[in-house]
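Remarks on the structure that follows.
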Amino acid sequence: MSAAQWAEQLVAVERSGKDQLYSTRKSDYRAELDAYKLLESTLKQMTADLEAMSDDAFNAKSATISDESIAKITVEADAPAGNYNLKVNQLAQANQKAASFASEDALIPNSGLFELEVAGQVMTIDFSVINPSGTGTVSGLRDYINDNAADLGVQASLLRKGDGSVELLLTSKEAGAANQIQINQDDAGFGFSDLVVGQDAQFELNGVAITNASNYVENVIDGVNLELTEVHQVGESSTISIDYDTDSTLDSVKEFVGSYNKLMSEISGLTQSLGTSIEVESDIGKDDDEDKEEAKKIEEDQLGILKGDASIRMLKNRLNNALFNAADNGMRLSDVGIELDRNGKLKLDEEKLEAALKSDSARVQEMFSADGGYIQRFDDILDPYTEREGLIDMKQDSLDSRLDRVEDDMARHDYQMQQAYQRYLAQFTAMEQYINSMNASAGLFY
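Going by this note's numbering, the sequence shown runs without a break in its numbering and finishes at 470.
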């Protein structure tokens with residue numbers, strides 16, 4: 025065996041104890057750090073789900089119309105529930121004028137004024153300025169208008185009729201009677217006529233006549249927007265129904281129940297003693313295969329890794345206790361179909377929640393979102409853990425520092441072992457040389 029091999033073996037024996045120690049410490053710290061990151065992610069998700077269960081979640085409205093071809097309806101949380109009769113008499117239109125020319129290369133005048141006026145805004149074209157040579161064409165006039173009429177709100181274009189002749193079209197970019205294009209020309213003019221007359225939308229809502237410059241009517245009733253798309257036939261009308269969107273509320277509560285169950289399962293898995301099997305309750309609606317994968321992750325990799333952290337167990341206890349205390353208005357979660365099952369997980373009776381919402385939505389909303397309600401209660405418990413530089417951040421920072429120290433210790437240990445290797449190598453090399461010298465001397469006597 026060579027001197028280098030002897031040196032390597034001695035160093036391997038000498039360093040094995042500390043290598044194992046540092047490797048174990050590093051692995052443990054990383055496992056704890058990953059566990060806190062996992063917990064932090066779930067805590068933040070639960071906080072987000074609580075924020076989603078705000079007043080808007082319980083005030084969400086939905087709207088339907090008996091004839092969807094007539095109008096599209098969007099509603100906001102402050103829209104009043106009720107039924108409304110809609111009759112559309114006229115849709116808004118943008119004015120469009122046209123003048124005929126023999127071709128798009130037809131010449132335009134080299135003198136005179138041409139004025140476009142929309143809603144009090146005027147654009148004046150002096151042909152002696154834009155066409156002093158007299159070689160300007162209709163297509164050039166189109167380009168000039170488009171380059172200079174942005175503030176006026178007029179678009180110029182050419183309609184080619186197939187025989188070489190064209191129509192110069194001037195179209196108002198905004199609908200409504202107030203945006204009718206007025207043309208003034210100090211000679212015979214180009215002979216513009218209306219293809220489409222600018223007009224306002226006219227409709228009735230519960231018999232009240234309403235006029236609007238466009239077909240999109242914003243906030244016609246508080247929180248109600250209409251986009252008119254078709255005119256009613258004579259004698260016809262449509263019914264708009266605005267009601268509470270219980271589906272949106274159900275979805276919001278289901279998300280909260282899912283994130284709560286997931287958090288409770290993770291805390292149990294991370295703090296339980298080894299040998300205990302914990303399954304993670306993931307988001308409602310998740311596939312069974314995904315549930316199994318997440319349960320496997322906790323069970324095999326992180327089970328019990330935070331069992332010494334009393335603050336995490338305290339978090340679980342405080343959240344559980346918060347479930348059983350009534351809100352300030354006297355209502356409990358069980359009143360709306362949210363109860364703990366025998367496994368300590370929340371379960372939701374959707375029919376009971378929907379019935380409670382239909383019976384007294386305002387009281388259910390107050391139970392969750394008013395001062396002293398469940399949202400505030402859970403937020404107060406979670407905030408010390410999720411806020412910036414809160415408990416979870418502090419624990420992660422501490423573990424990061426420990427990992428840095430282990431890395432430094434490992435680097436020093438590597439350096440010391442390199443020094444030991446060089447020392448052993450020198451010693452064994454010297455011994456080899458001495459033995460070779462002795463062997464050579466002994467050969468002289470034979």
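Cβ coordinates follow ideal geometry from the N, Cα and C atoms, glycine included.
Are the Cβ atoms of residue i and residue j separated by less than 8 Å?
i      : j      : result
Lys85  : Ala103 : yes
Glu242 : Ile94  : no
Ile169 : Val162 : no
Ile266 : Ala346 : no
Leu67  : Gln420 : no
Ile149 : Leu131 : no
Tyr409 : Leu343 : no
Asn155 : Asn172 : no
Met70  : Tyr284 : yes
Leu74  : Ile416 : no
Can you tell me where the alpha helix (DSSP H) holding residue i begins and where it ends?
i      : result
Asn349 : Asn349 -> no alpha helix (DSSP H), and no H or E assigned at all.
Ala87  : No alpha helix (DSSP H) holds Ala87; the beta strand (DSSP E) holding it covers Lys85 to Ile89.
Val244 : Unbroken run through Val244 is the beta strand (DSSP E), Tyr240 to Ile245; no alpha helix (DSSP H).
Thr253 : Run containing Thr253: none; DSSP gives neither H nor E here.
Asp72  : Looking at the sequence provided, one finds Ala at residue 72 rather than Asp. Ala27 to Ala76 is the span of the alpha helix (DSSP H), which, as asked, contains Ala72.
Here's a check: name, in chain order, each residue in its chain whose Cβ is nearer than 7 Å to the Cβ of residue i, leaving out the five neighbours to either side.
i      : result
Ser12  : Any property of residue 12 remains undetermined from this structure, which presents the chain solely from 25 to 470.
Ala351 : Met391, Gly396, Gly397 and Tyr398
Ala59  : Leu294, Gln326, Ile329 and Leu330
Arg426 : Tyr53
Lys50  : Leu427 and Val430
Between which residues of its own chain and residue i is the CB-CB distance below 6 Å, once the five residues before and five after are set aside?
i      : result
Tyr445 : Ala31 and Val35
Glu128 : Val162, Ser163, Leu182 and Val190
Residue i to residue j, Cα distance in whole Å?
i      : j      : result
Asn109 : Met147 : 43 Å
Asn119 : Gly200 : 8 Å
Ala126 : Ala225 : 36 Å
Gln296 : Gly414 : 23 Å
Met418 : Ala27  : 50 Å
Ser383 : Lys121 : 57 Å
Arg356 : Leu372 : 13 Å
Phe452 : Gln33  : 12 Å
Phe227 : Asp365 : 54 Å
Phe214 : Ala116 : 27 Å
Ala450 : Arg429 : 32 Å
Asp433 : Ile336 : 30 Å
Glu305 : Tyr46  : Confidence in Glu305 is poor, its pLDDT being 44 and thus under 50, which makes the residue's placement unreliable; the coordinate value appears in the next sentence. The straight-line gap from Cα to Cα measures roughly 35 Å.
Ala143 : Ala202 : 6 Å
Ser465 : Met25  : 22 Å
Glu303 : Val248 : Low per-residue confidence applies at Glu303: pLDDT is 48, beneath 50, and the placement is therefore not dependable enough to give any value.
Leu274 : Lys96  : 25 Å
Ile459 : Gln440 : 28 Å
Val258 : Leu250 : 21 Å
Asp167 : Ala180 : 8 Å
Ala394 : Val277 : 16 Å
Gly41  : Gly282 : 46 Å
Any heavy atom of the ligand MG closer than 7 Å to the beta-carbon of residue i?
i      : result
Thr253 : The ligand content of the structure shown is nil, which means the ligand MG is not present either.
On the DSSP letters alone, give me the boundaries of the beta strand (DSSP E) that residue i sits inside.
i      : result
Asn236 : Val232 to Asn236
Phe280 : Taken as a continuous stretch (DSSP letters only), Phe280 belongs to no beta strand (DSSP E), being part of the alpha helix (DSSP H) at Thr270 to Thr295.
Problem set entry | Inside the region 105 to 140 only - beta strand (DSSP E) runs reaching at least 3 residues | 106 to 114 and 120 to 125
Exercise. Which full runs of the alpha helix (DSSP H) of 4+ residues lie inside the region 151 to 190, going along the chain?
Worked result: 151 to 154 and 162 to 172
Exercise. What runs of the alpha helix (DSSP H), each 4 residues or longer, lie entirely inside the region 334 to 405?
Worked result: 334 to 348 and 374 to 393
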